[in-house]
Each structure stands twice: as structure tokens, then as C-alpha cells.
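Participant: In the numbering used here, the protein residues as written are 107 to 214.
Idealized CB from N, CA, C, for every residue including glycine.
What follows is a single structure, and I will ask about it in a moment.
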Amino acid sequence: MQKSKGTPVVFLGEGSLIKFDNESLKVMHTPGHSPGSICLVGEGLVFSGDTLFAGSIGRTDFPGSSNRDMQLSLQRLMRLPDNLLVYPGHGPSTLIGEEKKVNPFLMG
């Protein structure tokens, strides 16, 4: 049976683990950009998708987006270790600690 476009094959909920070789990534539900946005947290790194970028954050002006949810998700990410390497969905990598210092969307 072929899945239609946009139909999830596997549900990745909060705390789910994605395992491959000797590595694993933990799912962190980070709504805001979209209701189902996630980040994947591994040993020393996080894949932030469209939640956090170097010097910016994901847009919240789409249908289903939420500025409030984005702010809550960003607060969760900022509790991660400062030395965690961030691989965003677009643009250069960064560090959680660096974003705490320079990202205008995380200040104030």
C-alpha cells in the first residue's frame, strides 16, 4: 500500500528514540513553526530543523504556526548545554551558548 504524500509512516513523539549504528537521537517536540515540529538531540548535537537558526528562528506566520508555542520551544532548547552543536534546517551551524549570547529572538 502506497502512502499518500504528507502521510506519516512513523509517528515521532516526545522522547522517542531514533537508533542507527551505535548512535541515537531523542525526539524533542518543538511546535511553533508548525504544530508537529521536532528537534533531534544526540550526543553533543541537536538537529533543530526550522525552530532555531544561527541568529534567527523559524517563521510563525504560517497557518498552524504559533508564536507562543515557538517561544516555549525555544525556552526548552535554551536549557540544553551551551556546547551543544546546532544543525539547523537552513544556514550555518551554531552552538546553543552562542545563540544565547547573540540571537536577538532569544534576548529579553
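For I202, which residues in the same chain have their Cβ closer than 8 Å to its Cβ, ignoring the five residues on either side in sequence?
Facilitator: V152, L183, M184, L186, P187, D188, N189, L190 and V192
Participant: At a cut of 8 Å, does the region 135-144 reach the region 162-177 through at least three beta carbon pairs?
Facilitator: yes
Participant: What does a CB cutoff of less than 7 Å around G121 pick up in its chain, not counting 5 residues either side in sequence?
Facilitator: Cβ neighbours of G121 beyond the five flanking positions: K132 and V133.
Participant: If distances are taken between C-alpha atoms only, which option among T113, P198 and C145 comes closest to F159?
Facilitator: Ranking T113, P198 and C145 by Cα distance to F159 puts P198 first.
Participant: Hey, could you find the ends of the beta strand (DSSP E) M134 is sitting in?
Facilitator: E129 to H135
Participant: Could you pull the start and end residues of the alpha helix (DSSP H) that K207 belongs to?
Facilitator: For K207, the enclosing alpha helix (DSSP H) has its first and last residue at I202 to V208.
Participant: Check each candidate in D127, C145 and P169 and name the one with the smallest Cα separation from L118.
Facilitator: C145
Participant: Whole-angstrom Cβ separation of P194 and S143, contact assumed at under 8 Å?
Facilitator: With 8 Å as the limit, P194 and S143 do not qualify as a contact, their Cβ atoms being about 12 Å apart.
Participant: Using 8 Å for Cβ pairs, my map puts S130 next to G148. What's the rounded Cβ distance?
Facilitator: 7 Å
Participant: In whole angstroms, what is the alpha-carbon distance linking G112 and G170?
Facilitator: 15 Å
Participant: With DSSP as the reference, label F126 as helix, strand or coil.
Facilitator: strand
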